[in-house]
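Please read the structure below before turning to the comments.
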Amino acid sequence: MKEKQLTIPLQGLPYVKDVGATYYYGTTHRGTILYLHGGGFLFGQREDLPQPYLERLIGQGYHILALDYPLAPQVSLSQIMTAIRQSVDWFETTGYRELGLSDNKYFLFGRSAGAYAALLLASHQSSDHLRGVASFYGYTTLQDAAFSYPSRDYLKLPAVPQTVAQQLQQSPVVTQDATQQRYLLYVYARQTGQWLSLLGISTEDLAHSFTVQSDQITCPLFITHARRDPDVPFRQSSRLAQAVEDATFIPVESDRHDFDRVDIEGLGMSIYEQFIQWLDQYSR
């Protein structure tokens, strides 16, 4: 497996001129995956896929372009989605050539918030080049009581002082959080019920711009989610799978949100093997 570091230019966004990307590739090519990391749009970075998954996907011929994006609250969710959309557009128009690829067809693959972003793109912006979307424990709407009130599970963690959260909010715009310091900001947001506020979302936006329109998704979906997920309600993935005709849904018996991070060799790899089978089906 080889990798290449890239910079993708952005336009029209305050204080953000570009974002980083990492291209993982091998000797054979069956398809290209554009990967979006999780982190509630407040923390995280593109190089968070565990090495065993990367090696398995690359070994099966699937190259991966992992994308960063600007993080809230220094930018709004609307601006984050604009940045992600521009990165995808870059791949479709010129990026695939820079990577030495013969075509610009791709899969979107996201985990948690990244899955939500991928689903939003698929439902609000059609593309003839998109072959499918893989959603790992993602969500489809922010209009869920679980996101608007203090989380019982996050309240079990040590309380994050407001002063710490304020310091993190006052930092310059960042497009990755390799140190995971901003995870504290996410914990604070979930402990206080202020997550949506930190994303800069209005009540009007919730029902329109930031809800996945399942009837507008025309590509195949691969969906997996832990039944007892303490962070993102399982019901969101379940309802999406029922609403979209061409959806492969893999429920997981776990009480961990990011189950593929904590159990890589066992449960995690078994899900990725099913993911690869799905990729094989739609990459032809």
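Residue 286, in our numbering, is where the sequence shown stops; the numbers in between run on with no holes. For each residue, glycine too, the CB sits at the ideal point set by N, CA and C. Values in this document were obtained by computation on a predicted structure and should not be read as measured data.
Per-residue burial, ASP105 [other beta carbons within 10 Å of its own, 16 or more giving buried]: exposed
CB-CB length for GLN238 against THR142, believed under 8 angstroms: About 5 angstroms; that satisfies the 8 angstroms criterion.
Sheet register partners of VAL254 (DSSP bridge): ALA228
Cut-off 7 angstroms between Cβ atoms - residues of its own chain near LEU144, not counting five sequence neighbours on either side: When the five nearest sequence neighbours on each side are left out, the beta carbons in the same chain lying within less than 7 angstroms of the beta carbon of LEU144 are those of LEU198, ILE203, LEU208 and PHE212, in order along the chain.
Spatially closest choice to VAL264 from GLY22, TYR55, ALA23 and GLU94, by CA coordinates: TYR55
Where GLN279 falls, given that 16 or more other Cβ within 10 Å makes a residue buried: exposed
Bridge-paired residues (DSSP) for PRO11: ASP20
Closest by C-alpha distance to PHE109, when choosing among ALA115, LEU121, LEU187 and ARG154: Put simply, of ALA115, LEU121, LEU187 and ARG154 the residue whose alpha carbon is nearest the alpha carbon of PHE109 is LEU121.
Separation of ARG154 from THR96, as counted between CA atoms: Roughly 46 angstroms separates the two Cα atoms.
CB contact flag (VAL135, LEU223, <8 angstroms): Between VAL135 and LEU223, the gap from beta carbon to beta carbon is short of 8 angstroms.
VAL18 versus VAL77 - alpha carbon distance: 9 angstroms
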